[in-house]
Amino acid sequence: MKRPKDAVIQTGVTTKGNRRVQPPGSAGAETTRQRFLAVGTANVADVLDIMGYFDQGLSSEFSPYPANGEKLAGWAYTIRGQMTPYALEGGDPEKMKACQGITPGQVTVWSGDGEGICYIGELIAFGMKERGCVGALIDGGVRDIRLMAEHKFPVFARYRTPIQSLTRWKVNSWQVPVSIGGATSKCVTVHPGDFILGDEDGVIVIPSQMAVTVLAEAEALTEKERQIRADLKAGLTLAGALEKYGHV
């Protein structure tokens, strides 16, 4: 679904009507992020459906590494690259420049046409974390998984691989819209400043101008489901729960 015309991306800050959405690093942003950590992707997906955003879930190819890893929650900082043969000496300076722009509360979203190689390893992850990065979503490979887990750095990726990106893949742009494979559509466009939420059920992208509203509705749905569980435990039937709550 196309994002509404009045949603304007400006380095992670969005405006909808007269409402300005908190960017990462602003007062209250960490509180918002912590609230997102307390709701599940399933309830967020249900809320987005109700609001008419039907294709925000990412492909089931994306998994947490390690499998029991930390939950992912933060504002998207996008980094894009491509397969490009180059000399080993000198590395990928554009990747270093891209990482310099990260601010606290952001999730780096890595996109590109790489296959069989990792986009980042533990040292890049550690360097990003030192800048306040709270995790990574990688449309490609990851390595050094055990070490990232020791740093408590959440990672969702399409695959794991020990093969480095040097000489094979390099960064060419950042903080631009990127396309990532979707669950119910060919791709989901991630804009800088969108909110990324990932847990054991998968990963979902919340358009930045909807994040505050979606969060409040997801919290309300989470509480409703708590009440439904209590009623079911007390003997209410599923049919009765559907009639009472309009949701099961």
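The numbering of the sequence shown is my numbering, which starts it at -12 and goes up by one. All C-beta atoms, glycine included, are put in the ideal place defined by N, C-alpha and C.
### Task
Please name the residue in Gly101, Pro194, Arg155, Val190 whose C-alpha comes closest to that of Ser47.
Val190
### Query
For Pro53, which residues of its own chain have a beta-carbon under 8 Å away from its beta-carbon, when the five flanking residues on both sides are left out?
Ile132, Arg133, Ala136
### Message
Given a cut-off of 8 Å on the beta-carbon distance, is the pair Trp156 and Ile66 in contact?
### Response
no
### Query
With a cut-off of 8 Å, do at least 3 Cβ pairs link the region 140 to 155 to the region 95 to 106?
yes
### Task
Could you have a look at Ile193 and say whether DSSP puts it in helix, strand or coil?
Under the three-state reduction of DSSP, Ile193 is assigned to strand.
### Message
Quick check on Gln93: buried or exposed, where buried means 16 or more other Cβ atoms within 10 Å of its Cβ?
### Response
buried
### Task
Taking all protein chains shown into account, decide if Pro72 is buried (16 or more other Cβ within 10 angstroms of its Cβ) or exposed.
Counting Cβ neighbours within 10 Å, Pro72 comes out exposed, since fewer than 16 surround it.
### Query
Leaving out the 5 sequence neighbours to the left and right, which residues in its chain are closer than 8 Å to Thr19 when beta-carbon positions are compared?
Within the same chain, Thr19 has close Cβ partners Gln9, Ala198, Val199, Leu202.
### Task
Measure the alpha-carbon distance for Gly114 versus Gly68 and round it to whole angstroms.
19 Å
### Task
Can you tell me which of the three DSSP states Gly122 falls into?
Annotated three-state conformation of Gly122 is coil, per DSSP.
### Query
Candidates Leu184, Asn159, Leu223, Ala217: which alpha carbon is nearest Glu81's?
Of the listed residues, the one whose Cα sits closest to Glu81 is Asn159.
### Glu117 versus Ser98: straight-line alpha-carbon distance, rounded
22 Å
### Task
Would you list the one or two residues that DSSP bridges to Arg67?
BP columns for Arg67 point to Ser98, Ser160.
### Query
Is the CB-CB distance between Arg121 and Gly168 below 8 Å?
With the sequence shown as reference, residue 121 is identified as Val, and Arg is not the correct amino acid for it. Not a contact, by the Cβ cut-off of 8 Å.
### Task
Mind checking which residues open and close the beta strand (DSSP E) that includes Leu184?
182 to 186
### Cβ-based neighbour list, Lys(-11), same chain, cut-off 7 Å, excluding 5 preceding and 5 following
Its pLDDT being 41, under 50, Lys(-11) is placed unreliably by the model, and the measurement read from it follows with that caveat. Hits under 7 Å: none found.
### Query
Which first and last residues belong to the beta strand (DSSP E) in which Phe143 is found?
142 to 147
#### Entry: Rounded separation between Ala144 and Met83 - CA only
20 Å
### Message
Please classify Val242 as buried or exposed, where buried requires at least 16 other C-beta atoms within 10 Å of its C-beta.
### Response
As shown, the chain starts at -12 and ends at 235. That puts residue 242 outside it, with no answer to give.
### Cβ-Cβ separation, Ile193 to Gln43 (assumed contact under 8 Å), whole Å
7 Å
### Task
Please report the Cβ distance between Val96 and Leu124, rounded to the nearest whole angstrom; I am assuming they are in contact, meaning their Cβ atoms lie under 8 Å.
5 Å
### Which of helix, strand or coil DSSP assigns to Gly227
Helix, per DSSP.
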